[in-house]
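In the numbering used here, the protein residues as written are 1260 to 1381.
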């Protein structure tokens, strides 16, 4: 596995005295060479552990999501109308772009949803 040499750059607007920023390029490991390590493989998944899967969400008033979510990521802000796992429908108004809603939802409703680029996290 070849490593990229370390490079040093001098910032053009630096104050007197050299200030350097070191950039170390990452190298990728081919899956055929060595499996990627997973430090959490022995942990039991829970609602507070990180998501392990994601899928694109298309809001629909009639179709359920492919999986019940652990959370929803909202890429472009707006309102998110959804049905919780309990069956209750709620609308989150004014959700900011880049927000994560920690909700167990089985449907994101088209009616009332103005946010976009929604990703279901499992």
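Note that beta-carbon positions come from the ideal geometry of N, C-alpha and C, so glycine has one too.
| Asked | Found |
| --- | --- |
| Using 8 Å for Cβ pairs, my map puts residue 1330 next to residue 1368. What's the rounded Cβ distance? | Wrong, their Cβ atoms sit about 17 Å apart, outside the cutoff. |
| What did DSSP end up calling residue 1295 once you bin it into helix, strand or coil? | coil |
| What did DSSP end up calling residue 1348 once you bin it into helix, strand or coil? | strand |
| Mapping the DSSP letters down to three states, classify residue 1366 as helix, strand or coil. | strand |
| Using a 10 Å radius around the Cβ and a threshold of 16 neighbouring Cβ atoms, would you call residue 1377 buried or exposed? | buried |
| Do residue 1324 and residue 1297 have their beta-carbon atoms positioned less than 8 Å apart in this structure? | no |
| For residue 1314 and residue 1375, I'd like the C-alpha separation in whole angstroms. | 14 Å |
| Does DSSP put residue 1303 in a helix, a strand or coil? | coil |
| Report yes if the C-beta distance between residue 1338 and residue 1328 is below 8 Å; otherwise report no. | no |
| Could you have a look at residue 1322 and say whether DSSP puts it in helix, strand or coil? | coil |
| With residue 1362 and residue 1341 assumed to form a contact (beta carbons below 8 Å), what rounded beta-carbon distance in angstroms separates them? | 7 Å |
| Going straight from the alpha carbon of residue 1321 to that of residue 1295, what length do you get? | 39 Å |
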